[in-house]
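Under my numbering, the first residue of the sequence shown is numbered 100, with each subsequent residue one higher.
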Amino acid sequence: MSFQTIIEAVAPLTDTEHAAAIDVACAQVERNLPAFTYQAQNHSSVNNVYPAVANNQWTAGFWPGQIWLAFEHTADPVFRHAAQIQVQSFLHRIENRIETDHHDMGFLYSPSCVAAWKLVGDEDARRAAILAADQLIERYQPVGQFIQAWGRKGVASEYRYIIDCLLNLPLLYWASDETKDPKYRDIALIHARTTLANSIRPDNSTYHTFYMDPETGAPSHGATKQGYSDDSSWARGQAWGIYGMALSYRYERLPEYLDTFERLLDYYLTRLPSDLVPYWDMIFVDGDEPRDSSSAAITACGLLEMSDLVGGDRAEGWRDLARRMTGSLVRGYSVTDPAVSNGQLLHGTYSKKSPFNTCRGEGVDECVSWGDYYYMEALMRLKGDWSTYW
Ligand code: GLY
């Protein structure tokens with residue numbers, strides 16, 4: 100079957116399904132407020148239930164992001180109140196640099212604090228997000244021109260960036276706009292170009308991580324941490340690349356970003372099973388490996404972002420595709436019974452151990468907090484008037 104046939108076999112989300120899905124998602128957020136107003140949600144669920152944890156993981160921003168999306172949809176002040184309590188926790192975290200010595204400042208501070216500033220003018224949120232941007236640019240490595248993802252800065256075995264970081268860059272564009280200091284934007288533009296230059300293989304699949312030579316700054320090699328193997332394409336990494344190229348195009352109209360977005364999408368579509376929700380790594384196209392529903396939610400958001408930036412038939416095609424992907428998530432993956440889960444989207448995969456990768460297995464076939472967030476973001480984007488947190 101051609102991938103066009105596979106895509107067309109999944110019906111686009113209908114308006115009725117869309118309206119019901121947003122209401123169900125917002126009701127789930129409200130139900131979760133007592134457990135997660137003063138605490139964070141774990142990165143992934145355990146038997147489909149998120150435990151409450153301290154605000155010290157890279158994923159903590161996605162839960163307040165869901166609260167803000169619910170606030171936007173309902174205008175109910177109960178959501179604003181809870182999200183602003185979360186903002187105080189994020190301010191405390193960055194002021195005290197609690198588990199912040201890594202690149203995930205955008206994932207943490209865009210959906211929590213940039214959203215709070217944009218939506219309700221919360222000054223503490225603005226301060227926290229600028230401090231987070233300051234922290235992020237400390238990880239910039241001029242030798243090689245990239246933001247180092249994790250680990251001790253400058254050490255050869257840690258001298259790498261990852262494709263996911265494209266989603267951290269909007270925090271830097273925002274910080275330059277807010278402060279009128281171009282230093283954040285300059286680093287974001289350079290990092291995005293480095294990603295474009297190295298992270299995409301000739302067959303349009305992507306490397307998860309990419310190492311640079313710390314002496315010369317020359318590109319060294321691609322590798323995986325959470326994908327199946329160094330030469331496979333991790334399904335979420337491919338999705339981060341798709342959405343990341345759209346966001347890069349938003350902030351710098353390089354034709355290469357648009358072209359690469361299309362190439363990454365082409366690869367993605369050829370590796371999908373019949374319900375348009377990929378297995379956790381795109382080396383798998385059938386069988387009983389776990390899915391990563393979060394990859395589909397992220398890709399839908401990328402499609403809708405790029406549709407907003409370009410007009411014409413291409414944009415219409417991408418919107419249609421996003422509606423089909425979201426339709427599949429709503430019908431087959433979303434949580435409709437709170438007795439089953441306190442999350443939004445079932446069948447995500449955080450990190451699956453393989454003989455060839457370096458992660459430890461966790462969050463396999465579970466809800467994952469970014470899957471929940473991007474699922475809700477896709478639903479809000481489909482309403483048509485959503486202003487980005489990114
Ligand atoms: N950014 C890490 C992940 O997607 O698991």
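By construction, the Cβ of each residue, glycine as well, lies at the ideal position given by its N, Cα and C atoms.
Cut-off 8 Å between Cβ atoms - residues of its own chain near I341, not counting five sequence neighbours on either side | As a working note, residue 341 is residue 242 in the sequence shown. Here the set comprises F360, L363, L364, Y367, I397, T398, G401, L402.
Confirm, please, whether the CB-CB distance from S440 to C458 is below 9 Å.
-> As a first step, residue 458 must be located in the sequence shown, where it is residue number 359. As a first step, residue 440 must be located in the sequence shown, where it is residue number 341. It is not a contact, given that the beta carbons lie outside the stated cut-off.
Note down, in chain order, each residue of its chain lying with its Cβ closer than 6 Å to the Cβ of N154, except the 5 sequence neighbours on either side.
-> Position 55 of the sequence shown holds residue 154. Answer for N154: A139, S188, R192, listed in chain order.
Rounded C-alpha distance that separates Q251 from A438 = Along the sequence shown, read from residue 1 onward, the residue named residue 251 stands at position 152. Along the sequence shown, read from residue 1 onward, the residue named residue 438 stands at position 339. First, the amino acid is wrong: residue 251 is Arg here, not Gln. Whole-angstrom Cα-Cα distance: 43 Å.
Return yes when the Cβ of Y327 is within less than 9 Å of the Cβ of W379, no when it is not.
-> Locating residue 379 in the sequence shown gives position 280, where the first residue counts as 1. Locating residue 327 in the sequence shown gives position 228, where the first residue counts as 1. The Cβ atoms of W379 and Y327 lie closer than 9 Å to each other.
Burial state of D263 (16 or more Cβ within 10 Å) | Reading the sequence shown from its first residue, position 164 is the one you call residue 263. D263 comes out buried.
Three-state secondary structure (DSSP) of L266 = Indexing the sequence shown from 1 puts residue 266 at position 167. If DSSP states are grouped into helix, strand and coil, L266 belongs with the helices.
Starting from G205 and walking both ways along the alpha helix (DSSP H), at which residues does that stretch end?
-> In the sequence shown, residue 205 corresponds to position 106, counting from 1. Note, G205: alpha helix (DSSP H), 204–208.
Exposed unless 16 or more other CB atoms sit within 10 angstroms - verdict on A126 = Against the sequence shown, residue 126 aligns to sequence position 27. By the neighbour-count rule (16 or more Cβ atoms within 10 Å), A126 is not buried but exposed.
Given 8 Å as the limit, is there contact between the stretch 295–306 and the stretch 214–234, that is, 3 or more CB pairs closer than that?
-> no
Please specify which runs of the alpha helix (DSSP H), each continuous and at least 4 residues long, are wholly inside the stretch 127–178, giving them in chain order.
-> Correct list: 161–173.
Please report how far the alpha carbon of F170 lies from the alpha carbon of P281, in whole angstroms.
-> One-based indexing of the sequence shown puts residue 170 at position 71. One-based indexing of the sequence shown puts residue 281 at position 182. A direct Cα-Cα distance of roughly 32 Å separates F170 from P281.
Closest by CA to W216, which one among G431, S394, T104, P163?
-> Here residue 216 refers to the residue found at position 117 when the sequence shown is read from its first residue. Minimum Cα-Cα distance from W216 among the listed residues G431, S394, T104, P163 corresponds to P163.
Return the chain-ordered ranges of every beta strand (DSSP E) run that is complete within the stretch 221–295 and spans a minimum of 3 residues.
-> Whole beta strand (DSSP E) segments, 3+ residues: 259–261.
Return the residue from the list A181, S453, R390, H172 that minimises the CA-CA distance to K482.
-> As a first step, residue 482 is located in the sequence shown; it is residue number 383 there, counting from the start. The candidate whose alpha carbon is nearest that of K482 is H172.
Opposing strand residues paired with S433 [DSSP bridges] = In the sequence shown, the residue the question calls residue 433 occupies position 334. Answer is L444.
Hey, how far is the Cα of D221 from the Cα of S304?
-> Along the sequence shown, read from residue 1 onward, the residue named residue 221 stands at position 122. Along the sequence shown, read from residue 1 onward, the residue named residue 304 stands at position 205. Cα-Cα distance, rounded: 40 Å.
Between the CA atoms of A477 and G442 - distance to the nearest angstrom | Position 343 of the sequence shown, counting from 1, holds the residue named residue 442. Position 378 of the sequence shown, counting from 1, holds the residue named residue 477. Approximately 16 Å between the Cα atoms of the pair.
Just the C-alpha distance for E194 and L230, rounded to the nearest angstrom, thanks.
-> Sequence index remark: in the sequence shown, residue 194 carries index 95 (1-based). Sequence index remark: in the sequence shown, residue 230 carries index 131 (1-based). Their Cα atoms are separated by approximately 8 Å.
In the DSSP assignment, what residue or residues form a beta bridge with S393?
-> Looking up residue 393 in the sequence shown gives position 294. Bridge partners of S393: none, in fact.
Identify which residue in D203, S486, I166 has its Cα closest to the Cα of V186.
-> For the purposes of this step, residue 186 is taken as the residue at position 87 of the sequence shown. It is I166.
With hydrogens ignored, establish whether the beta-carbon of D263 is closer than 8 Å to any heavy atom of the ligand GLY.
-> Stepping through the sequence shown from its first residue, residue 263 is reached at position 164. The answer is yes for D263.
Hey, would you say the C-beta of R335 is under 8 Å away from at least one heavy atom of the ligand GLY?
-> Reading the sequence shown from its first residue, position 236 is the one you call residue 335. Proximity of the beta carbon of R335 to the ligand GLY is indicated: a heavy atom of the ligand is located closer than 8 Å.
From P454 to E129, what does the alpha carbon distance come to, in whole angstroms?
-> The sequence position of residue 454 within the sequence shown is 355, counting from 1. The sequence position of residue 129 within the sequence shown is 30, counting from 1. In a straight line, the C-alpha of P454 is about 41 Å away from that of E129.
To which residues of the same chain is S394 closer than 6 Å at the C-beta, ignoring the five residues directly before and after it?
-> The sequence position of residue 394 within the sequence shown is 295, counting from 1. Closer than 6 Å at the Cβ level, and outside the excluded window around S394, lie A334, R335, A338, P377.
For P318, which residues does DSSP report across the bridge?
-> Position 219 of the sequence shown, counted from the first residue, corresponds to residue 318. Paired residues: M311.
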